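Data block below; observations after.
Protein chains: 4
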Amino acid sequence: MEPRKQPAQARSAETVAAIVEAAARILEDKGFRGYNTNDVAARAGVSIGSLYQYFPNKDAITKALLRRETEPLSAALEQAGDAPSLAEGLQRFVQAAVAHQLRRPVLARLLDFEEARLPLQAEVGALGDVGAKALARLLARHGAGRGAAARTASRDLFAIARGMIDAAGERGETDARDLEARVTAAMSGYLDRMKIIAL
Amino acid sequence: MEPRKQPAQARSAETVAAIVEAAARILEDKGFRGYNTNDVAARAGVSIGSLYQYFPNKDAITKALLRRETEPLSAALEQAGDAPSLAEGLQRFVQAAVAHQLRRPVLARLLDFEEARLPLQAEVGALGDVGAKALARLLARHGAGRGAAARTASRDLFAIARGMIDAAGERGETDARDLEARVTAAMSGYLDRMKIIAL
Amino acid sequence: MEPRKQPAQARSAETVAAIVEAAARILEDKGFRGYNTNDVAARAGVSIGSLYQYFPNKDAITKALLRRETEPLSAALEQAGDAPSLAEGLQRFVQAAVAHQLRRPVLARLLDFEEARLPLQAEVGALGDVGAKALARLLARHGAGRGAAARTASRDLFAIARGMIDAAGERGETDARDLEARVTAAMSGYLDRMKIIAL
Amino acid sequence: MEPRKQPAQARSAETVAAIVEAAARILEDKGFRGYNTNDVAARAGVSIGSLYQYFPNKDAITKALLRRETEPLSAALEQAGDAPSLAEGLQRFVQAAVAHQLRRPVLARLLDFEEARLPLQAEVGALGDVGAKALARLLARHGAGRGAAARTASRDLFAIARGMIDAAGERGETDARDLEARVTAAMSGYLDRMKIIAL
DNA sequence: GATGAATGAGGATTCATTCAT
DNA sequence: TATGAATGAATCCTCATTCAT
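Shown next as structure tokens:
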């Protein structure tokens with residue numbers, strides 16, 4: 001399921017990138033039903049044989065795409081966990097997540113679903129885990145508790161954010177600022193109500 | 001795409017029900033990858049020919065299943081919109097949603113995803129629309145505003161609930177009470193923060 | 001690797017037989033290089049889908065053909081082991097083997113080779129084992145020893161017969177009587193020389 | 001189908017040899033199913049492009065391997081035909097054949113089978129022909145007849161030897177002396193019984 | 001109505017071979 | 001001469017759907 005060949009030459013790297021992007025486009029245009037390797041290859045301007053030089057099977061392509069889309073967000077979420085204040089951490093967190101989702105909402109939603117089926121080996125944790133962990137760290141670092149309760153809270157916060165942002169993307173919202181404000185409100189409202197911390 | 005024939009006789013109704021339940025089981029066991037009409041028919045104890053007597057195509061089965069799972073919840077959500085108080089309305093709303101998701105979490109998640117692809121004609125609104133509308137009515141009836149802002153708020157509330165409940169189901173949570181409390185907290189926290197209404 | 005569906009109706013049985021025979025013909029005509037499921041189906045006058053209704057994969061077809069060709073011979077060889085005299089046993093043994101090989105020599109050779117690659121589960125022993133065992137029984141029952149030496153001898157006898165008959169088939173010999181006489185001579189000559197028994 | 005270029009330089013000869021040996025190894029390890037040019041090239045430590053510089057196509061590699069394996073044996077068998085006595089001739093013949101087969105039994109068996117499919121042009125006769133001819137010469141030179149009967153006998157003798165030695169190789173026998181004795185016994189027993197000559 | 005045999009388009013993957021660098 | 005990226009025909013197999021019985 002891993003990339004078959006490390007693209008050694010520049011040309012190869014381009015080919016790999018083209019395949020992954022083609023996969024993204026096809027998923028956006030036609031969904032999983034229309035997502036097949038022949039079309040991906042064609043859209044990438046590459047022969048089907050070349051596609052299989054770089055990816056051992058279809059899932060490997062999806063996985064590569066998943067990584068490409070997920071990793072920058074993961075990194076941003078992790079950084080948010082190290083913010084100087086809780087408020088700023090949440091803000092960064094939400095900003096990153098919103099920016100990610102509004103960039104390619106259809107794709108984000110499809111990959112989000114597919115993530116469950118594709119066992120990304122340990123190397124890349126599921127997005128949900130990464131996000132929840134970053135939030136847990138943020139809470140812990142700013143006196144909002146540790147332990148099981150804090151873990152549940154951080155998972156809930158992540159779920160709130162994901163649910164709202166996902167729905168907004170699906171609805172076609174484009175105003176990032178507004179969405180960020182609402183998501184942040186929901187998250188701090190939750191913290192408030194759960195008496196975890198008052199913001 | 002609609003059921004091909006209204007089951008006139010009791011036996012037919014049983015057959016239809018068996019097919020739909022078989023579809024549910026297969027989706028739960030093997031996901032979309034293993035979901036095919038031949039297996040559904042076999043699991044239902046029915047010939048593939050009979051299956052196609054009752055359903056014109058595969059999507060029609062999925063749709064029937066979607067309806068079967070969704071309609072009771074839709075009805076419950078609508079009722080919650082008519083509750084005597086906002087607090088009670090939210091509570092009923094969350095109770096219904098949590099009960100639904102925890103009953104068959106895997107199935108709920110898969111259908112939730114598939115809902116986007118299957119154009120249920122107007123007759124049955126998407127669950128999200130129904131839920132958001134019920135919440136909007138609830139807010140309106142208890143002095144929490146109307147108009148665009150309220151519509152956005154109700155959609156957000158629905159998204160918060162769906163996000164949290166979905167994640168809980170995926171994680172295998174089983175304590176409905178606890179989950180309900182957290183979801184309610186998140187929703188009222190949001191209303192609070194957004195200055196829509198103080199609960 | 002086993003037949004997928006027991007042909008319940010007469011029509012099905014015919015289809016299965018047609019597929020197996022088509023496989024035989026294609027192997028004879030074009031060898032393993034030209035042996036592919038699409039051509040087998042076409043030659044059987046059946047759609048590729050039907051072929052896969054009865055056989056889960058290509059090897060299963062080869063296996064069915066192997067059984068069809070091998071089982072009668074196996075049975076005949078086993079019977080030869082129970083002959084009233086050593087001479088008659090050898091004669092029957094050789095007759096059966098020669099008749100088998102001269103019937104469809106090309107096919108016999110190809111399947112003989114393929115047998116090594118296809119692990120027929122215990123049910124059907126490899127032809128070589130069956131034949132050698134029958135010969136061992138024959139020798140034992142007529143005072144030609146048991147134990148390791150007899151086992152080696154029976155394997156050698158089988159190998160002699162197979163080698164000669166195979167080569168004759170490949171060369172296009174058609175005179176069964178003559179071939180039988182030579183093979184019998186070789187086998188009894190071996191027994192003689194090895195001082196196992198004098199015929 | 002012939003080697004594309006005569007290796008003029010030493011390095012080329014090494015490359016060719018490496019390719020042929022790689023082919024041998026892969027055939028031994030994975031059989032025909034796993035025998036493909038890309039893997040052969042990789043195993044030979046050569047690029048696929050280089051492989052095709054020396055061999056015009058895959059069959060040419062197999063053929064070169066066949067020659068490499070077959071020629072020394074052919075030569076030895078021919079020499080056996082010139083032995084001073086029939087007994088010594090048979091002995092040399094069997095020794096050479098046994099030594100060949102026990103060296104790389106799996107490879108020998110595979111190539112034996114493939115020989116039928118690859119039309120080695122006249123230059124190199126099929127092993128069977130060479131062996132049978134050597135035996136025919138041996139018989140003729142020692143008063144055991146000429147003509148059709150002797151030709152048949154020599155073919156039978158070769159078939160006996162091949163059959164026994166092949167089976168022994170497949171079974172994993174390693175005791176060359178013992179095997180030689182049994183094969184010689186079978187051959188002389190045959191000559192005896194067929195009244196061709198008494199040894 | 002029910003059955004299940006049959007269909008065949010569609011899709012994943014392999015691998016011999018070429019050719020630009 | 002060597003390289004290895006690229007090619008695409010060939011092949012295995014699946015599955016939604018039809019239709020004769």
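Listed in order, the protein sequences are those of chains B, V, D and X. Counting along the first sequence from 1, when you hit position 193 you're at 193 in UniProt numbering, and nothing is skipped either side. Counting along the second sequence from 1, when you hit position 187 you're at 187 in UniProt numbering, and nothing is skipped either side. Counting along the third sequence from 1, when you hit position 82 you're at 82 in UniProt numbering, and nothing is skipped either side. Counting along the fourth sequence from 1, when you hit position 77 you're at 77 in UniProt numbering, and nothing is skipped either side. We put the beta carbon where it would ideally sit given N, CA and C, even for glycine. All values reported here derive from a predicted model rather than from experimental measurement.
For residue j and residue i, the rounded distance between their alpha carbons
| i | j | result |
| --- | --- | --- |
| B/Asn36 | B/Ala18 | 15 Å |
| X/Arg117 | X/Leu135 | 24 Å |
| V/Ala24 | X/Tyr54 | 59 Å |
| D/Gly31 | X/Leu51 | 27 Å |
| V/Asp29 | B/Glu88 | 43 Å |
| V/Asp178 | B/Ile61 | 40 Å |
| D/Ala13 | V/Val46 | 23 Å |
| X/Gly172 | D/Thr152 | 13 Å |
| V/Gly49 | V/Glu21 | 17 Å |
| D/Pro119 | D/Gly125 | 9 Å |
| B/Arg146 | V/Ser188 | 24 Å |
| B/Asn57 | D/Glu114 | 29 Å |
| X/Lys133 | D/Ala64 | 39 Å |
| X/Ala198 | X/Arg182 | 17 Å |
| B/Asp156 | V/Leu107 | 21 Å |
| X/Met1 | X/Asp59 | Low per-residue confidence applies at X/Met1: pLDDT is 49, beneath 50, and the placement is therefore not dependable, though the value from the model is reported in the following sentence. Looking at the two C-alpha atoms, the distance is approximately 7 Å. |
| D/Arg109 | X/Ile160 | 16 Å |
| B/Ala8 | B/Gly131 | A caution first: B/Ala8 carries a pLDDT of 47, below 50, which makes its placement in the model too unreliable to give a value. |
| X/Gln95 | V/Arg33 | 59 Å |
| D/Leu191 | X/Asp39 | 47 Å |
Selection from the options that minimises the alpha carbon distance to residue i
| i | options | result |
| --- | --- | --- |
| V/Gly169 | V/Ala144, V/Pro105, V/Arg33 | V/Pro105 |
| B/Ala144 | B/Ile196, B/Ala60, B/Ala64 | B/Ile196 |
| V/Leu77 | V/Ala153, V/Ala150, V/Ala99 | V/Ala99 |
| D/Pro84 | D/Arg137, D/Met187, D/Thr174, D/Met164 | D/Arg137 |
| V/Ile165 | V/Arg67, V/Gly147, V/Arg103, V/Met194 | V/Arg103 |
| V/Arg43 | V/Leu199, V/Leu73, V/Ile26 | V/Ile26 |
| D/Arg92 | D/Ala108, D/Ala22, D/Leu73 | D/Leu73 |
| V/Glu69 | V/Val16, V/Lys133, V/Leu157, V/Asp112 | V/Asp112 |
| D/Ala41 | D/Lys63, D/Val16, D/Arg33 | D/Val16 |
| V/Ala167 | B/Phe158, B/Ala167, B/Thr174, B/Asp175 | B/Phe158 |
| D/Ala140 | D/Asp129, D/Ser154, D/Gly128 | D/Ser154 |
| V/Thr184 | V/Leu86, V/Leu90, V/Leu66 | V/Leu90 |
| X/Leu66 | X/Ala80, X/Asn38, X/Gly81, X/Leu127 | X/Leu127 |
| B/Ala97 | B/Arg162, B/Asp129, B/Gly81, B/Asp192 | B/Arg162 |
| X/Ala149 | X/Leu86, X/Ala80, X/Gly81, X/Met194 | X/Met194 |
Cβ-heavy atom distance, residue i to the ligand PLP, below 8 Å
| i | result |
| --- | --- |
| B/Val20 | Ligands displayed in this structure: none; no statement on the ligand PLP is therefore possible. |
Chain B contact for residue i (CB, 9 Å cutoff)
| i | result |
| --- | --- |
| V/Asp156 | yes |
| V/Leu191 | yes |
| V/Ala99 | no |
| V/Ser85 | no |
| V/Ala116 | yes |
| V/Gly125 | no |
| V/Arg11 | no |
| V/Ala198 | no |
CB contact check: residue i to chain V, cutoff 9 Å
| i | result |
| --- | --- |
| B/Arg104 | no |
| B/Ala186 | yes |
| B/Arg137 | no |
Proximity test, Cβ basis, 9 Å: residue i and chain D
| i | result |
| --- | --- |
| X/Gly81 | no |
9 Å Cβ cutoff, residue i in contact with chain X
| i | result |
| --- | --- |
| D/Phe93 | no |
| D/Arg141 | no |
| D/Gly89 | no |
Contact residues within the segment 159–179 of chain X, judged by C-beta distance below 8 Å to chain D
Ala159, Ile160, Ala161, Arg162, Gly163, Met164, Asp166, Ala167, Ala168, Glu170, Arg171
Could you name the residues of the UniProt domain "HTH tetR-type" (13–73) of chain V whose beta carbon sits closer than 7 Å to any beta carbon of chain B, in the order they occur along the chain?
Gly31
So if I threshold CB-CB distances at 7 Å, which residues from the segment 143–154 of chain D count as touching chain X?
none
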